[in-house]
Amino acid sequence: MHPPRQQSQVGEGLQTSLSLVSSDPRLSLEEPRSNTGNLRESPTESASSRENWPIAAAIKKESECPDQSVIRRVSGADKITLHDVARERVDVIYEKMLHLPCEFLDELKNGLRVILEGGNGSQHREEFFILQKLVQSRSDLTTKTLVRTHRVQLEILVAINTGIQGFLHPSINLSQASLIEIFLYKRCRNLACRSQLPAEDCTCVTCANGNGFCNLCMCVICSKFDFEVNTCRWIGCDLCSHWTHTDCAIREQLICMGPATQNGTGPSEMVFKCQACNRTSELLGWVKDVFQHCVMSWDGEALIRELDFVSRIFHGSKDPRGRKLHWKSEDLRENLKSGKVESKAACKAILMVFKELELDSQKTLENAESESGRLIAPQEACNRISEVVHEAVRNMEMVANEKMRMFKKARLSFDACERELAEKAREAGELNMDRQKKKLEIEELERIVRLKSAEADMFQMKANEAKRESERLQRILLAKSDKSEEEYTSNYLKQRLSEAEAEKQYLYEKMKMQETSRLSQSSGGGGDPLMFSKIHDLLYSVPPSADGPSNDCHPFRKKP
């Protein structure tokens, strides 16, 4: 039986978490393909495309550029872009990079890392496709030319060709020869493996096609790698030791019913057909070995994930043992998700299931032997029966204890649910009372609002009445003001008229006096006829005016 997949020994100190990338770098990061050239997409791809490189576990990269105390400005003619690196000749880019400051080269690498991370969605993917197509369409990138490249130039070319941003990380220090071999598919591009290709001098078609596939760390179908170990996520071939993702094998229908032995005479059970060697490996023993070696090191989430793999592997099983394992793994997975079973109890339960399956297998073999007519001694038969009975009793005791523990836990959960239900009912009653209280408060507020609204309407009506009264008084005031002004004008005119009449009378009397005086003087021989004519014209030709001067300023008026 092939052992569970272990961590690669090469690069063991470098614990990384990379995205899964197809070994054929001519494919995109999103659409890897198998070795046959058909496009495939593995569901096992990591959820994150970023890389976490612990500084303590990796060798720090030494800078090739001298320390610069002054940051130099780069003119537009001297600048280079990622498209220039992917398109231009090696010697041209090398000469330009020699005269560029380290800060600019770091910015160039960071720009490529942003593109590989794909934060901008389809735009970054399309840009990466263009860069990768430019690099892979060149025929001048050979060992002879790549030796003369700039260090940063070579790192960028390898990152574009493989789609892995780890080659741009400052803490990753690979030799120029290793980078060239990775670029030319002569070394595994998995930074935790980096084995010479073909790995272990394998001569199978998958390893010999020269597309960078590594049978130590990559899936035969999707040609991707990750760092999952001690898990049912990977299925190993018992014969050629090539690895395949469980999801890929299920998708390609490589997990099916078949004979357990290579000669095809054994009983039918679930087997895995390796795509590299076209030979089958039985799965029940492999799953049992993985769980027996690794189940105690898994946490709850890992156990749920592994039980899901087991359930999917034996989903189409038609033999009793495979169906039983499928049902039990489904039941344990659901109980773990709902919290009905703890992870330690689930581990013990699944190990007990494997023991029961082993006993069933022994019983099947014994039945086959008995049917073949082979006689055994009575003492041996009694010993076997005793062992089976004792094992069955132990299993029944374990099952009974587990059932009792589960019953007690269920009872405690039921009591807790009852208490919680009572508490919820009490809270519901309190909420109902609060709702009624709030309803009464709302009704009271609505009544107050209606009262205030009626008061506001009343005050508004009084304000309107006061406004109308004010307008009426204003009209009366205007009318009285007009009337008073008319009376004042009339009285003034009357006064002026009376004053004019009095003045006229005064002048008339004065004129009579003067006339009398004149007559008396004429009789005496004197008089002034010119003065008399002026007074006469003034009295009879010029009527009194309302705007005329007052009595105080009149030249002929005297105070009485």
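For what it's worth, my numbering labels the leading residue of the sequence shown as 105, then goes sequentially.
We put the CB at the ideal spot given by N, CA and C, even for glycine.
Keep in mind the model is a prediction, meaning the values are calculated, not measured.
- Item | Proximity below 8 angstroms, CB of Ser447 to CB of Leu455 | If you number the sequence shown from 1, residue 447 lands on position 343. If you number the sequence shown from 1, residue 455 lands on position 351. Not closer than 8 angstroms, so no.
- Task: Identify every run of the beta strand (DSSP E) within the segment 528-608, keeping only runs that are complete inside it and at least 3 residues long; order them along the chain.
- Result: Counting whole runs of 3 or more residues, the segment 528-608 contains no beta strand (DSSP E) stretch at all.
- State the beta-bridge partners of Ile219 as determined by DSSP. Walking along the sequence shown from the start, residue 219 turns up at place 115. For Ile219, which the question treats as bridged, DSSP gives no partner whatsoever.
- Task: Pull up the DSSP beta-bridge partners for Thr247, would you.
- Result: As a position in the sequence shown, residue 247 is number 143, starting the count at 1. Note: Thr247 sits in no beta bridge, so no partner.
- the segment 330-341 touching the segment 302-319, judged by at least three CB pairs closer than 8 angstroms: no
- Task: Return the chain-ordered list of same chain residues with a C-beta closer than 7 angstroms to the C-beta of Val457, the five sequence neighbours on each side being excluded.
- Result: Sequence index remark: in the sequence shown, residue 457 carries index 353 (1-based). So the qualifying residues of the chain are Leu429 and Lys432.
- Message: Please determine whether the Cβ atom of Val196 lies at a distance below 7 angstroms from any heavy atom of the ligand COA.
- Response: In the structure on display, the ligand COA does not appear, and there are no ligands present to speak of.
- Item | Identity of the residues DSSP links to Cys323 by a beta bridge | As a position in the sequence shown, residue 323 is number 219, starting the count at 1. Answer is Trp347.
- Quickly, what does DSSP pair Arg291 with across the bridge? List them, please. Translated into positions along the sequence shown, residue 291 becomes position 187. DSSP, once it has assigned bridges, lists Gln300 as partnering Arg291.
- Item | Continuous beta strand (DSSP E) stretch holding Gly340: start and end | Counted from its first residue, the sequence shown places residue 340 at position 236. Trp338 to Gly340 is the extent of the beta strand (DSSP E) around Gly340.
- Task: Can you tell me the Cβ-Cβ gap for Leu343 and Arg383, rounded? I've got them flagged as a contact below 8 angstroms.
- Result: Against the sequence shown, residue 343 aligns to sequence position 239. Against the sequence shown, residue 383 aligns to sequence position 279. At roughly 5 angstroms, the Cβ-Cβ gap stays under 8 angstroms, so Leu343 and Arg383 are in contact.
- Cβ atoms of Glu405 and Glu386: under 8 angstroms apart, would you say? As a working note, residue 386 is residue 282 in the sequence shown. As a working note, residue 405 is residue 301 in the sequence shown. The answer is no: Cβ separation not under 8 angstroms.
- When burial is assigned at 16 or more other CB atoms within 10 Å of the CB, is Val256 buried or exposed? If you number the sequence shown from 1, residue 256 lands on position 152. By the neighbour-count rule (16 or more Cβ atoms within 10 Å), Val256 is buried.
- Query: At what residues does the beta strand (DSSP E) containing Cys318 begin and finish?
  - Reply: Along the sequence shown, one-based indexing puts residue 318 at 214. Per DSSP, Cys318 belongs to no beta strand (DSSP E) and is neither H nor E.
- Message: Could you pull the DSSP bridge partners for Val375 from this structure?
- Response: Position 271 of the sequence shown, counted from the start, is the residue given in the question as residue 375. DSSP output for Val375 lists Cys360 and Glu386 as bridge partner(s).
- For His203, the first and last residue of its enclosing alpha helix (DSSP H): On the sequence shown, residue 203 is found 99 positions in, with the first residue counted as 1. Run containing His203: none; DSSP gives neither H nor E here.
- Task: Classify Phe329 as helix, strand or coil using the three-state DSSP reduction.
- Result: To locate residue 329, count along the sequence shown from 1; it is residue 225. Of the three classes helix, strand and coil, the one that applies to Phe329 here is strand, per DSSP.
- Cβ pair Leu358, Lys377 closer than 8 angstroms: Within the sequence shown, residue 358 is the residue found at index 254, counting from 1. Within the sequence shown, residue 377 is the residue found at index 273, counting from 1. Yes, they are a contact pair.
- Item | Rounded C-alpha distance that separates Ala353 from Asp519 | Translated into positions along the sequence shown, residue 353 becomes position 249. Translated into positions along the sequence shown, residue 519 becomes position 415. Going by the C-alpha atoms only, they are around 46 angstroms apart.
- Give me the Cα-Cα distance between Ser485 and Glu491, rounded to the nearest whole angstrom. As a working note, residue 485 is residue 381 in the sequence shown. As a working note, residue 491 is residue 387 in the sequence shown. Note that residue 485 is Ala in the sequence shown here, rather than Ser. So the two alpha carbons sit approximately 10 angstroms from each other.
- Is Thr310 helix, strand or coil when you go by DSSP? Translated into the one-based positions of the sequence shown, residue 310 becomes position 206. Thr310 falls in the helix class under three-state DSSP.
- Beta-carbon gap between Val194 and Thr266 smaller than 8 angstroms: Position 90 of the sequence shown, counted from the first residue, corresponds to residue 194. Position 162 of the sequence shown, counted from the first residue, corresponds to residue 266. Contact: no.
- For Glu207 and Pro170, the rounded distance between their alpha carbons: What you label residue 170 is simply residue 66 of the sequence shown in a count that begins at 1. What you label residue 207 is simply residue 103 of the sequence shown in a count that begins at 1. Low per-residue confidence applies at Pro170: pLDDT is 40, beneath 50, and the placement is therefore not dependable enough to give any value.
- Task: On a CA-only basis, which of Leu388, Met502 and Ala496 is nearest Lys422? Give me that one, please.
- Result: In the sequence shown, residue 422 corresponds to position 318, counting from 1. Among Leu388, Met502 and Ala496, the Cα nearest to that of Lys422 is on Leu388.
- Own chain partners of Glu166 with C-beta closer than 6 angstroms, once the 5 adjacent residues on each side are dropped: Numbered from 1 along the sequence shown, position 62 holds the residue referred to as residue 166. Annotation note: pLDDT 36 at Glu166 (below 50); position unreliable, coordinate value reported separately. Excluding positions up to five away in sequence, the list is empty.
- Go ahead and label Pro302 buried or exposed: buried means 16 or more other beta carbons lie within 10 angstroms of its beta carbon, across all protein chains shown. For the purposes of this step, residue 302 is taken as residue 198 along the sequence shown, with counting starting at 1. By the neighbour-count criterion, in which 16 or more other beta carbons inside 10 Å mark a residue as buried, Pro302 falls on the buried side.
- May I have the straight-line CA-CA distance separating Asn214 from Thr307, to the nearest angstrom? For this step, residue 214 is matched to residue 110 along the sequence shown. For this step, residue 307 is matched to residue 203 along the sequence shown. Those two C-alpha atoms are separated by around 39 angstroms.
- Message: Just to confirm before moving on: does the CB-CB distance between Leu295 and Ala263 stay below 8 angstroms?
- Response: For this step, residue 295 is matched to residue 191 along the sequence shown. For this step, residue 263 is matched to residue 159 along the sequence shown. Not a contact, by the Cβ cut-off of 8 angstroms.
- Going by alpha carbons, who is nearest to Asp403 out of Glu230, Ala450 and Cys292? Along the sequence shown, one-based indexing puts residue 403 at 299. Of Glu230, Ala450 and Cys292, the residue nearest in Cα terms is Ala450.
- Which stretch, first to last residue, makes up the alpha helix (DSSP H) that contains Arg437? Start at 1 with the first residue of the sequence shown, and residue 437 comes out as number 333. Residues Pro424 to Ser442.
- DSSP three-state call for Pro482: helix, strand or coil? As a first step, residue 482 is located in the sequence shown; it is residue number 378 there, counting from the start. Reduced to three states, the DSSP call for Pro482 is helix.
- Task: For my contact list, Leu235 and Leu186 are in at a C-beta cut-off of 8 angstroms; report their separation, rounded to the angstrom.
- Result: As a first step, residue 235 is located in the sequence shown; it is residue number 131 there, counting from the start. As a first step, residue 186 is located in the sequence shown; it is residue number 82 there, counting from the start. At roughly 6 angstroms, the Cβ-Cβ gap stays under 8 angstroms, so Leu235 and Leu186 are in contact.
- Query: Using the beta-carbon count (16 or more within 10 Å), is Leu272 buried or exposed?
  - Reply: The sequence position of residue 272 within the sequence shown is 168, counting from 1. Per the 10 Å Cβ criterion, buried.
- Query: Does the beta-carbon distance from Gly316 to Tyr289 come in below 8 angstroms?
  - Reply: Counted from its first residue, the sequence shown places residue 316 at position 212. Counted from its first residue, the sequence shown places residue 289 at position 185. Less than 8 angstroms divides the Cβ of Gly316 from the Cβ of Tyr289.
- Item | Distance between Asp330 and Gly362 (C-alpha atoms, nearest Å) | As a working note, residue 362 is residue 258 in the sequence shown. As a working note, residue 330 is residue 226 in the sequence shown. Cα to Cα, Gly362 sits roughly 29 angstroms from Asp330.
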